[in-house]
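Q: There's a structure below that I have some questions on.
Protein chains: 4
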Amino acid sequence: MTMTSELSAAPVLPAVEPRKSRKNNPEKTRENILQEAIVEFVQQGLSGARVDAIAERIHTSKRMIYYYFGSKEQLYVEVLEKLYGDIRSTENRLHLAELPPVEAIRRLVEFTFDHHDRNVDFVRIVSIENIHNAEYVKRSDAIKAMNNTILDSLGEILRRGAEEGVFRAGLDALDVHLLISSFCFYRVSNRHTFGEIFQIDLPDESIKQRHREMICESVLRYLQA
Amino acid sequence: MTMTSELSAAPVLPAVEPRKSRKNNPEKTRENILQEAIVEFVQQGLSGARVDAIAERIHTSKRMIYYYFGSKEQLYVEVLEKLYGDIRSTENRLHLAELPPVEAIRRLVEFTFDHHDRNVDFVRIVSIENIHNAEYVKRSDAIKAMNNTILDSLGEILRRGAEEGVFRAGLDALDVHLLISSFCFYRVSNRHTFGEIFQIDLPDESIKQRHREMICESVLRYLQA
Amino acid sequence: MTMTSELSAAPVLPAVEPRKSRKNNPEKTRENILQEAIVEFVQQGLSGARVDAIAERIHTSKRMIYYYFGSKEQLYVEVLEKLYGDIRSTENRLHLAELPPVEAIRRLVEFTFDHHDRNVDFVRIVSIENIHNAEYVKRSDAIKAMNNTILDSLGEILRRGAEEGVFRAGLDALDVHLLISSFCFYRVSNRHTFGEIFQIDLPDESIKQRHREMICESVLRYLQA
Amino acid sequence: MTMTSELSAAPVLPAVEPRKSRKNNPEKTRENILQEAIVEFVQQGLSGARVDAIAERIHTSKRMIYYYFGSKEQLYVEVLEKLYGDIRSTENRLHLAELPPVEAIRRLVEFTFDHHDRNVDFVRIVSIENIHNAEYVKRSDAIKAMNNTILDSLGEILRRGAEEGVFRAGLDALDVHLLISSFCFYRVSNRHTFGEIFQIDLPDESIKQRHREMICESVLRYLQA
DNA sequence: TATGAATGAGTCTTCATTCAT
DNA sequence: AATGAATGAAGACTCATTCAT
């Protein structure tokens, strides 16, 4: 499962055999473009990104971008899919089902927190998508195909917790997920304005640890019977 | 602050479509441009916004935008200041000091929640600013001048609560504010992607009420002694 | 009335007062662009024409083309309208109604012949339009608004001729117009291939006079009772 | 001439869609490309035609076009030669010499009329060539090699007719051919603009028959002693 | 105070064509 | 005989901005 606020598990495709590394190496070329496109789109947004700027970063010419992706928009969609898809790679490692409910929630929250903290690119592209009203997410079948097991996992934990009497009954997994995600996401997405207005350096390690603990405790208190 | 009061002074025209600028009414022309600029920047972002698009909405020509604002960037900054100013100017009317701590927190959280819910424009412009690393917020003296009484108010409530034994001691107002803000903001800023991925209509009234109650309860539980 | 095969009378708009001849002279600039656009489109066709090529010919930059015409396509449409419209300027000078039927036909045919001979640009743009299936003519309200009095004039001559017994009855003005136009047009439009294949210089003055006489005689013989 | 016979040799596939090229069948691949090139050039003109568009229609990649034809221009020339060759190859089968002069003219005119009516592709490519000032026709030795027996046939008929006293003496075969061709060609080449301006559907069967009769009668009257 | 006209510098995209096997 | 990968050059078009009154 993925702990991303909006994404979840899908088995990682068995590694494609690496292509021969000759001069003409379409997969490498394509991948190369995509990597630089991520940087550009994440930094500049969709409207702000410049195809020329991406081209300048890669050895192959700008023409290749159109050869492989057809348009700036399509390239953006693939960047979106890649960043959403990357999230899948850290899945199924939490073994939440094996932990007691409280421990499971703690691990889940901490994982979500760390995940957003480490994937600023993802947080930024999601913000960008929301500025565009999620138009491209809605259009992407690939993203739709990434099924979200997070809600199932969370739901299962809540059920067990209620059964054991440590959590309240009647809690909605989606609501709890929203509570967790909002904090983990916002802390990254809005660090610039929040940091500036309130003069706080959110990425600072000790502050970060304090906030990590805060969201854990906050969620657990909310769930408690 | 001057900015805030200046802009707040201009009464919000109720349901009246912004008037086209007329001859010899510089105030009105300027205000008119700003209004349409808000729409454009909020919808399209900074890079996506088009000076032409703003000009098309107003009667006066595009030339006027430069006459009054000098550049697209400056216009954006004024949009930013206006939206920030609108928000801050209503924060002082809650009379939180007169309420018992728990009630005060509840009112503060509900106010924050409703405020974000009602001011989608503000939420969007803040997201946009973060995409730009808060570059323009940092640059704006006007925004810096808007002192945030919210932290003082919140700090005071927490102090009273701790004194009365209803809240834990040692809580940081900034952290609590982050906890509240993140939920209220994210729920609006990410409604498009979150809604699409999890197939939920966050603005729906009954869902909204449920979430409003959730964040209140969540915060209060977190604060409880 | 116009003798063009496909066009006809509409009163010439009373000359617009000439604009002041300052540096900024929009009408002149616009007209200037249009003139050079005619050259380019007529020589290269719609697809073959280059906006850059037009820009190079005029003093104002390429940017002006878009300022005044919005797009290459729109510029083409205006070229089309201009060339169709220019034809109107030679109208109503034939006084066909005052001539005996045979003389009237002769004058009409000769005028049509000369008209096409002199207006190669028009002939070419019409050929180009047909390659594009008259798509732009169909789209142009201006061209549609140019009502064709030619058919009325021709019909009137045929009626008089039939009445006087010099022409057959039952002739259709449109058919006769097609007969006349086809020769006058083709002689110009196809001079390159026809001339090359049959090794004849159609624009040659003596050949031209011979053909002018031929189409006159041919039409008159066709009409004769 | 060689071109003509070679191409004529390939039987016209009746209603069978052109086959995709297969491995190891160069003749077929080449022919296939040419067929699709005809469609593209005839529809779009020389400048408007896209090598990519042709490639999309055939199974073999765009690379094959260059493999077999070297350049877009050369491909166009071969399209030109093929369409010219198709036309000329059917002109010799009328056995005009065996008919009385009037009958021979009638058959010739009707044949010319039907021929243009049926070969819109040819009419279009000739129009396109004229837009390009017959540059490629002039360059093509193959087209030059297609000797025009039409003038000889026509000349012979005119001579016989004059001898028999049914036709005037002193008529030039080339002029008469121009008279016939212009009508038959224009009716097809300009059907779009003429049809639009005068609101007539030239391809309509009954109108077509009327015009077929008209050009016959018109020519015969012109020739009559 | 106000504005119509003009524009240099990009910006995305497409074109016919060649490289390298 | 065949082809997947690559591309320089140009294509149409747009952008925020300034000129000149």
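The listed protein sequences correspond, in order, to chains A, B, C and D.
Counting in the numbering used here, the first sequence runs from 943 upward without gaps.
Counting in the numbering used here, the second sequence runs from 943 upward without gaps.
Counting in the numbering used here, the third sequence runs from 943 upward without gaps.
Counting in the numbering used here, the fourth sequence runs from 943 upward without gaps.
Glycine included, every Cβ here is placed at the ideal spot set by N, Cα and C.
Computed from a predicted structure; not experimentally measured.
(1) Taking buried to mean at least 16 other C-beta atoms within 10 Å of its own C-beta, is Pro1042(C) buried or exposed?
(2) Cα separation between Arg1101(B) and Ser1160(A)?
(3) Would you please state the rounded distance, in angstroms, between the beta carbons of Val993(A) and Lys1014(A)? I believe it to be under 8 Å.
(4) Nearest to Leu988(B) by CA position, among Lys1150(B), Gly1027(B), Glu1020(B) and Arg999(B), is which residue?
(5) Return the chain-ordered list of same chain residues with a C-beta closer than 6 Å to the C-beta of Cys1126(A), the five sequence neighbours on each side being excluded.
(6) Using alpha carbons as the reference points, say which of Met1006(B), Tyr1018(B), Glu1052(B) and Val1068(B) lies closest to Arg1133(A).
(7) Output the residue ranges of the alpha helix (DSSP H) runs that lie fully inside the region 1046-1084 of chain B and measure 4 residues or longer, sorted by chain position.
(8) DSSP three-state call for Phe1109(B): helix, strand or coil?
(9) To which residues does DSSP link Gln1166(C) through a beta bridge?
(10) Check whether the Cβ of His1058(B) lies closer than 9 Å to any Cβ atom in chain A.
(11) Figure out for me which residue from Tyr1078(B), Lys1150(B), His1001(B) and Glu1023(B) has the closest Cα to the Cα of Glu1052(B).
(12) Is any beta-carbon of chain D found at less than 9 Å from that of Gly987(C)?
(13) Alpha carbon to alpha carbon, what distance is there between Leu1116(C) and Val1044(D)?
(14) Please report whether the beta-carbon of Asp1094(B) lies at a distance below 9 Å from any beta-carbon of chain A.
(15) With C-beta atoms as the reference, is Asn1061(C) less than 9 Å away from Ile1029(C)?
(16) Closest to Ser1095(C) by CA distance: which of Gly1012(C), Gln1141(C), Phe1140(C) and Arg1035(C) is it?
(17) Which one of Phe1136(D), Pro968(D) and Leu1038(D) has the shortest CA to CA distance from Ala1011(D)?
(18) So, is Thr971(B) buried or exposed, given that buried needs 16 or more other C-beta atoms within 10 angstroms?
(19) Spatial neighbours of Arg964(B) within its chain, please: CB distance less than 6 Å, with the 5 preceding and 5 following residues excluded, ordered by chain position.
(20) I'd like to know whether the C-beta of Asn1061(B) is nearer than 9 Å to at least one C-beta of chain A.
(21) Are Ile1047(C) and Leu1165(C) close, meaning C-beta to C-beta below 9 Å?
(22) Does the CB of Tyr1164(B) have a neighbour CB from chain A at under 9 Å?
(23) Relative to chain D, which residues along the region 988-1011 of chain C have a C-beta separation below 9 Å, given in chain order?
(24) Rank Ile1085(A), Glu998(A), Ile975(A) and Ala1167(A) by C-alpha distance to the C-alpha of Ile1229(B) and give the top, closest one.
(25) Counting only Cβ pairs nearer than 8 Å, list the residues of chain B close to Thr1135(A).
(26) For Arg1152(B), go through chain A and note every residue whose CB falls closer than 9 Å to its CB, in chain order.
(27) Measure the beta-carbon distance from Val1130(A) to Val1065(A) and round it to whole angstroms, keeping in mind my assumption that it falls under 8 Å.
(28) Interface residues of chain A around Ser1160(B) at Cβ under 9 Å?
(29) Suppose the cutoff is 7 Å on Cβ atoms and the five residues either side in sequence are ignored; what does the same chain contact list for Ile1007(B) look like?
(30) Return the Cβ separation of Tyr1128(C) and Ser1123(D) in integer angstroms, given the expectation that the two are a contact with Cβ distance under 8 Å.
(31) On a CA-only basis, which of Gln977(A), Leu1025(A), Ile1070(A) and Leu1038(A) is nearest Gln985(B)? Give me that one, please.
(32) When you compare only the Cα positions, how much space is there between Gly1112(B) and Glu978(B)?
(33) Give the range of the alpha helix (DSSP H) segment to which Ile1029(D) is assigned.
(34) So which residues on chain A does Phe1109(B) lean against when the C-beta distance must stay under 7 Å?
(35) Excluding the 5 residues preceding and the 5 following Arg1081(C) in the sequence, name in chain order all residues of the same chain whose CB lies nearer than 8 Å to its CB.
(36) Out of curiosity, what's the CA-to-CA distance linking Phe1109(A) and Ala1167(A)?
A: With the structure as the only source:
(1) exposed
(2) 19 Å
(3) 5 Å
(4) Looking at the Cα atoms, Glu1020(B) is the closest of the given residues.
(5) Thr1054, Phe1055 and His1058
(6) Val1068(B)
(7) 1062-1073 and 1077-1081
(8) strand
(9) Gln1166(C) pairs with Phe1109(C).
(10) no
(11) Lys1150(B)
(12) yes
(13) Val1044(D) and Leu1116(C) have their alpha carbons spaced roughly 27 Å apart.
(14) At a cut-off of 9 Å, the C-beta of Asp1094(B) has no neighbouring C-beta in chain A.
(15) yes
(16) Ranking Gly1012(C), Gln1141(C), Phe1140(C) and Arg1035(C) by Cα distance to Ser1095(C) puts Arg1035(C) first.
(17) The sequence shown places Phe at residue 1011(D), not Ala. Ranked by Cα distance from Phe1011(D), the options Phe1136(D), Pro968(D) and Leu1038(D) are led by Pro968(D).
(18) buried
(19) Note that Arg964(B) has pLDDT 43, beneath the 50 cutoff, so the model's placement of it is unreliable and the number below is only indicative. So the list is empty, once near-sequence residues are dropped.
(20) no
(21) yes
(22) yes
(23) For the region 988-1011 of chain C, residues whose beta-carbon sits nearer than 9 Å to a beta-carbon of chain D comprise Leu988, Ser989, Gly990 and Ala991.
(24) An answer regarding residue 1229(B) cannot be provided, because it is not within the stretch 943 to 1167 covered by chain B.
(25) Val1068, Glu1071, Asn1072, Ala1076 and Val1079
(26) Asp1114 and Asp1117
(27) Separation of the CB atoms of Val1130(A) and Val1065(A) is rounded to 4 Å, and the pair is thereby assigned contact status at 8 Å.
(28) Leu1121, Ser1160, Val1161, Arg1163 and Tyr1164
(29) Ile975, Val993, Ile996, Ala997 and Leu1017
(30) 7 Å
(31) Ile1070(A)
(32) 46 Å
(33) Lys1014 to Arg1030
(34) Result: empty, since nearest Cβ-Cβ is about 13 Å, beyond 7 Å.
(35) Val1019
(36) Taking the straight line joining both Cα atoms gives about 5 Å.
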